[in-house]
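In what follows, a structure is listed as structure tokens, so that the remarks can point back to it.
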Amino acid sequence: MSTDTAAPHPAGPDHPPAGILAAALGCRCPRCGKGKLFEGLLQVRPACAVCGLDLRAHDAGDGPAVFAILILGAIMVAGLLIVEFRYQPPFWVHAVIWPALLLPAIILLMRVLKAGLVALQYRHRRSEMLGGG
Numbered sequence: 002m003s004t005d006t007a008a009p010h011p012a013g014p015d016h017p018p019a020g021i022l023a024a025a026l027g028c029r030c031p032r033c034g035k036g037k038l039f040e041g042l043l044q045v046r047p048a049c050a051v052c053g054l055d056l057r058a059h060d061a062g063d064g065p066a067v068f069a070i071l072i073l074g075a076i077m078v079a080g081l082l083i084v085e086f087r088y089q090p091p092f093w094v095h096a097v098i099w100p101a102l103l104l105p106a107i108i109l110l111m112r113v114l115k116a117g118l119v120a121l122q123y124r125h126r127r128s129e130m131l132g133g134g
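Sequential numbering from 2 applies to the sequence shown in the working numbering.
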């Protein structure tokens, strides 16, 4: 039996939702914890390929971007100040180092945060994600 024809995996007493942390760190489906959550970098799939959960009802909104900006902004400014005052490099070194560190970090963090918010929404607002209103 292939995974493409897997029966729906309804979360409930017999099938608890996947752990929020595991779903977030693995960017996996919040119901089964196996299917991929994203189609591209940050685009959520319409449905889980493994359990069939309709993911179109998620509403992560701007939450992941706000958290990522606040978290990485604080880390990057602290790092920039430490490098500036300890080593006093020329400006071009800052212009090369910080964007090269920031761009991959922001994408990685936004994926994890968005997956975490989708998992939290599924856990606490499951009826809305399942189409129950």
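In this text, a Cβ means the ideal position worked out from N, Cα and C, and glycines have one as well.
Query raised in the report: Beta carbon of G62, beta carbon of C49: below 8 Å?
Result: Your numbering for residue 62 matches position 61 in the sequence shown. Your numbering for residue 49 matches position 48 in the sequence shown. Their beta carbons are not under 8 Å apart, which means G62 does not touch C49 by this criterion.
Query - Segment contact flag, the stretch 68 to 80 with the stretch 93 to 106, C-beta cutoff 8 Å, min 3 pairs - result: yes
Requested in this report: Take the Cβ of V97 as the centre, count every other Cβ of all protein chains shown within 10 Å, and call the residue buried at 16 or more, exposed below.
Outcome: The count along the sequence shown starts at 1 and reaches residue 97 at position 96. Flag for V97 reads exposed.
Query raised in the report: Given a threshold of 16 other Cβ atoms within 10 Å of its Cβ, counted over all protein chains shown, does G117 qualify as buried or as exposed?
Result: Stepping through the sequence shown from its first residue, residue 117 is reached at position 116. The residue in question, G117, is buried, as its Cβ has 16 or more Cβ neighbours within 10 Å.
Query raised in the report: In chain order, what residues of the same chain have a beta carbon less than 7 Å from the beta carbon of E40, not counting five sequence neighbours either side?
Result: Locating residue 40 in the sequence shown gives position 39, counting from the first residue. Excluding sequence neighbours, E40 sits near R46.
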